[in-house]
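Undergrad: Supplied in structure tokens, the structure appears directly below.
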Amino acid sequence: SPGFIMTLYELVQNREHDFEDKIGNLCRCTGYRPILDAAKAIEGATTDGCTGNCATCGCKENQVADVEDCVIGSCTKTKVSAYSNQKIEPDDIKLPEELSKICFDELAIRGKDGTTWYRPSSFAQLLALKQSYPQAKLVQGNTEIGIETKFKHCDYKVLISMASVQEMSGLSFIDTEENFVRVGGAATLTELYAFCLKFQEKNESLKAIGQMLKWFASAQIRNAASLAGNVATASPI
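In the numbering used here, the protein residues as written are 16 to 252.
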């Protein structure tokens with residue numbers, strides 16, 4: 016899918032080798048064997064691999080067996096390996112000038128079906144919109160809206176995005192006897208993950224949350240989703 020292709024391209028551009036936790040989309044029906052084969056081949060990482068029985072097996076050392084570490088030869092790997100030496104340089108493809116000029120000022124989009132989408136750029140604007148439309152749905156990355164409208168049959172006529180409200184994206188560690196964390200409603204899971212890694216030595220709970228977030232959803236989702244909007248909603252999917 017386009018999502019997998021874009022993720023693999025990013026990994027190649029950034030010369031990343033630890034990619035197993037980064038690939039993947041919402042749908043897990045494709046099967047990860049050929050996708051991981053392609054990723055490893057692009058980075059020139061395809062080897063005979065570990066059969067799970069050798070003395071230097073990393074699975075045995077970590078006492079955790081990972082099926083993706085037990086490499087199984089496949090026709091996909093053979094085909095993709097032919098392109099493993101075709102490296103793409105970072106400057107080969109640049110961000111279009113139109114995208115680099117995108118600003119995040121206040122915005123309002125009105126749809127033909129009567130739905131209105133607002134994007135305030137300040138906390139004061141956000142409060143004013145919520146006061147004018149008390150039933151409006153607050154959103155950050157829109158990762159749950161499709162699920163709620165399709166499976167819960169929710170109908171939102173007014174949506175308010177918090178993505179451009181700086182006050183809603185903050186993360187702070189309150190170093191007191193209780194040691195608690197203040198997470199902004201618009202803080203993404205990627206930002207929360209980096210925050211957990213930074214303060215994991217101060218708090219065991221943050222360390223555990225960081226370990227979980229590494230494998231939660233995929234990089235694309237974590238870059239957009241928030242703790243309040245994607246996790247706290249207890250989504251059925």
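In this text, a Cβ means the ideal position worked out from N, Cα and C, and glycines have one as well.
Could you have a look at Val173 and say whether DSSP puts it in helix, strand or coil?
TA: Three-state result, Val173: strand.
Undergrad: Write down the C-beta distance between Leu153 and Leu204 rounded to the nearest angstrom, noting that I regard them as a contact closer than 8 Å.
TA: That belief does not hold up - the Cβ atoms of Leu153 and Leu204 are roughly 17 Å apart, past 8 Å.
Undergrad: For Leu186, which residues from the same chain have a beta carbon less than 8 Å from its beta carbon, with the 5 sequence-adjacent residues on both sides left out?
TA: Once the five neighbours on either side are set aside, the close Cβ partners of Leu186 are Val196, Arg197, Val198, Gly199, Ala202, Glu206, Leu207 and Phe210.
Undergrad: For the alpha helix (DSSP H) that contains Val27, what are its first and last residues?
TA: Its alpha helix (DSSP H) spans residues Pro17 to Gln28.
Undergrad: Return the chain-ordered list of same chain residues with a C-beta closer than 8 Å to the C-beta of Ala247, the five sequence neighbours on each side being excluded.
TA: Cβ within range, chain order: n/a, list empty.
Undergrad: Is the beta carbon of Gln155 closer than 8 Å to that of Ala178?
TA: Against a cut-off of 8 Å, the Cβ pair of Gln155 and Ala178 comes out as a contact.
Undergrad: Which whole-angstrom value is the C-beta distance of Ala53 and Leu23, which I expect to be below 8 Å?
TA: At roughly 7 Å, the Cβ-Cβ gap stays under 8 Å, so Ala53 and Leu23 are in contact.
Undergrad: Out of curiosity, what's the CA-to-CA distance linking Lys127 and Ala239?
TA: So the two alpha carbons sit approximately 26 Å from each other.
Undergrad: Check for me: the alpha helix (DSSP H) holding Lys222 runs from which residue to which?
TA: Element bounds for Lys222: Glu219 to Leu228.
Undergrad: May I ask which residues mark the beginning and end of the alpha helix (DSSP H) holding Tyr208?
TA: Leu204 to Phe214 is the extent of the alpha helix (DSSP H) around Tyr208.
Undergrad: Which class does Lys127 belong to by DSSP, given the choice of helix, strand or coil?
TA: It is coil, neither helix nor strand.
Undergrad: Could you give the distance in angstroms between the alpha-carbon of Leu228 and the alpha-carbon of Arg237?
TA: Using only the alpha carbons, I get a separation of about 8 Å.
Undergrad: Enumerate in chain order the residues of its own chain whose CB-to-CB distance from Gln140 is below 7 Å, with the five nearest sequence positions on each side excluded.
TA: These residues qualify, in order along the chain: Glu121.
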